[in-house]
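Novice: Mind having a look at this structure? Questions to follow.
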Amino acid sequence: RGTSIGQSIFDSRTSKTYHERIEFPLNCSNSVNLPQTCPENYPSVFQPQESSARTCPDYFRWIHQDLKQWKSSGITEDMIERGKPSADFRLVIVNGKAYVEKYNKPYQTRDVFTIWGILQLLRLYPGKVPDLDLLFYSGDKTMIMKRDYKGLNATSPPPAFHYCGEKAALDIVFPDWTFWGWAEVNIKPWEETLRAIKKGRERIKWEKREPYAYWKGNPYVAKDRVDLLKCNLSDKNDWNVRIYKQVLPELLCFFFVSLMGSAFIN
Numbered sequence: 001r002g003t004s005i006g007q008s009i010f011d012s013r014t015s016k017t018y019h020e021r022i023e024f025p026l027n028c029s030n031s032v033n034l035p036q037t038c039p040e041n042y043p044s045v046f047q048p049q050e051s052s053a054r055t056c057p058d059y060f061r062w063i064h065q066d067l068k069q070w071k072s073s074g075i076t077e078d079m080i081e082r083g084k085p086s087a088d089f090r091l092v093i094v095n096g097k098a099y100v101e102k103y104n105k106p107y108q109t110r111d112v113f114t115i116w117g118i119l120q121l122l123r124l125y126p127g128k129v130p131d132l133d134l135l136f137y138s139g140d141k142t143m144i145m146k147r148d149y150k151g152l153n154a155t156s157p158p159p160a161f162h163y164c165g166e167k168a169a170l171d172i173v174f175p176d177w178t179f180w181g182w183a184e185v186n187i188k189p190w191e192e193t194l195r196a197i198k199k200g201r202e203r204i205k206w207e208k209r210e211p212y213a214y215w216k217g218n219p220y221v222a223k224d225r226v227d228l229l230k231c232n233l234s235d236k237n238d239w240n241v242r243i244y245k246q247v248l249p250e251l252l253c254f255f256f257v258s259l260m261g262s263a264f265i266n
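1 is the number of the first residue of the sequence shown in full-length UniProt numbering; add one for each residue after it.
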């Protein structure tokens, strides 16, 4: 496909030069008014050994589970177009190139790491990634609800990839690659985090640790997390659980406005 204003191009072509370890940063222009093209002179990675397994891993069954909604109808261009309002960006792969069209500004840099991850796949497995046309939403709450696509006159739901899912939704769960390194919330790349975890576990031996479950995070992005708060220490109960709320200041403002807006509407 051709490129247009608001689209980004990431060329994944690679050479035959082999390196023991190379990662490919996303060093494209930040311009939103012009097509963005990554340099073509990125080095390539070494070819990994092919797996001798002739069967897919057991977890591949979830691919069929997640896509069963479209098994009989297939996925059409119309479904993709109708899904745009629910998506932050659209990613199309054609002949080893990734094209991105952005619709909404995702929270911080969540979209960047998803695009970066796709680039890793294209460079690590040149010629093996098929042509794709995918919609992505990078928020915290599911968007494609089953209740909206039931009844005699219901349309087919758009296929939208998302970092989370639930029984009441049709969002297709996709890995949240933000955690390769999320600068805004000070999450380091996984290898650095793993080293820190290994170092930290040596401070106290397992047999000397207190039997407590510990959780810290934002409880307001999912109902299950709100329910989790009920397990915390109280005047009456102690289930050996310590739960701590952690909400960024800008999100507190967002939740306040959302709640107040709902109150005014009601």
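In this text, a Cβ means the ideal position worked out from N, Cα and C, and glycines have one as well.
Just so it is clear, the structure is predicted and the values come from calculations on it, not from any experiment.
Quick one: Cα of residue 237 to Cα of residue 211, how far?
Specialist: Taking the sequence shown and counting its residues from 1, the one referred to as residue 237 is at position 237. Taking the sequence shown and counting its residues from 1, the one referred to as residue 211 is at position 211. Distance between the alpha carbons of residue 237 and residue 211 is about 16 Å.
Novice: Between which two residues does the alpha helix (DSSP H) carrying residue 78 extend?
Specialist: Stepping through the sequence shown from its first residue, residue 78 is reached at position 78. That run of the alpha helix (DSSP H) goes 77-82.
Novice: Among residues of its own chain, excluding the 5 on either side of residue 149, which ones have a beta-carbon nearer than 6 Å to its beta-carbon?
Specialist: Walking along the sequence shown from the start, residue 149 turns up at place 149. So the list reads 157, once near-sequence residues are dropped.
Novice: Within the present structure, is the beta-carbon of residue 194 separated from the nearest heavy atom of the ligand COA by less than 7 Å?
Specialist: Absence of the ligand COA from the depicted structure is noted, as is the absence of any ligand whatsoever, leaving it without description.
Novice: With residue 133 as the anchor, note down where its alpha helix (DSSP H) starts and where it stops.
Specialist: Position 133 of the sequence shown, counted from the start, is the residue given in the question as residue 133. Taken as a continuous stretch (DSSP letters only), residue 133 belongs to no alpha helix (DSSP H), being part of the beta strand (DSSP E) at 132-137.
Novice: Anyone know if the C-beta pair for residue 143 and residue 111 falls short of 8 Å?
Specialist: Your numbering for residue 143 matches position 143 in the sequence shown. Your numbering for residue 111 matches position 111 in the sequence shown. Cβ distance not < 8 Å, so residue 143 and residue 111 don't count as in contact.
Novice: Using CA coordinates, which residue listed in 98, 109, 104 and 140 is at the minimum distance from residue 133?
Specialist: Along the sequence shown, one-based indexing puts residue 133 at 133. If we check each option's Cα against that of residue 133, 98 comes out closest.
Novice: So residue 67 is in the alpha helix (DSSP H); what residue range does that whole segment cover?
Specialist: Here the question's residue 67 lines up with position 67 in the sequence shown. Counting along the chain, the alpha helix (DSSP H) containing residue 67 begins and ends at 61-67.
Novice: Can you give me the Cβ contacts of residue 165 inside the same chain, cut-off strictly under 7 Å, excluding the 5 residues immediately before and after it?
Specialist: Counted from its first residue, the sequence shown places residue 165 at position 165. Result list for residue 165: 142, 171 and 173, in chain order.
Novice: Per DSSP, what kind of secondary structure is residue 231 in: helix, strand or coil?
Specialist: As a first step, residue 231 is located in the sequence shown; it is residue number 231 there, counting from the start. If DSSP states are grouped into helix, strand and coil, residue 231 belongs with the helices.
Novice: The alpha helix (DSSP H) with residue 98 in it runs from where to where?
Specialist: Position 98 of the sequence shown, counting from 1, holds the residue named residue 98. Note, residue 98: premise wrong, no alpha helix (DSSP H); beta strand (DSSP E) at 97-102.
Novice: Using the three-state DSSP reduction, which class does residue 152 fall into: helix, strand or coil?
Specialist: Here the question's residue 152 lines up with position 152 in the sequence shown. It is coil, neither helix nor strand.
Novice: Kindly indicate the opening and closing residues of the alpha helix (DSSP H) around residue 112.
Specialist: For the purposes of this step, residue 112 is taken as residue 112 along the sequence shown, with counting starting at 1. Unbroken alpha helix (DSSP H) run through residue 112: 110-124.
Novice: Can you list, in chain order, the residues of its chain whose CB lies under 6 Å from that of residue 244, leaving out five sequence neighbours each side?
Specialist: Translated into the one-based positions of the sequence shown, residue 244 becomes position 244. These residues qualify, in order along the chain: 216.
Novice: Tell me whether the region 83-92 and the region 119-135 touch, counting them as touching only if at least three CB pairs, one residue from each stretch, are closer than 8 Å.
Specialist: Cβ pair count under 8 Å is three or more, so yes.
Novice: Hey, residue 108 and residue 202: beta-carbon distance below 8 Å or not?
Specialist: Sequence index remark: in the sequence shown, residue 108 carries index 108 (1-based). Sequence index remark: in the sequence shown, residue 202 carries index 202 (1-based). No; because the gap between Cβ atoms is not below 8 Å, this pair is not in contact.
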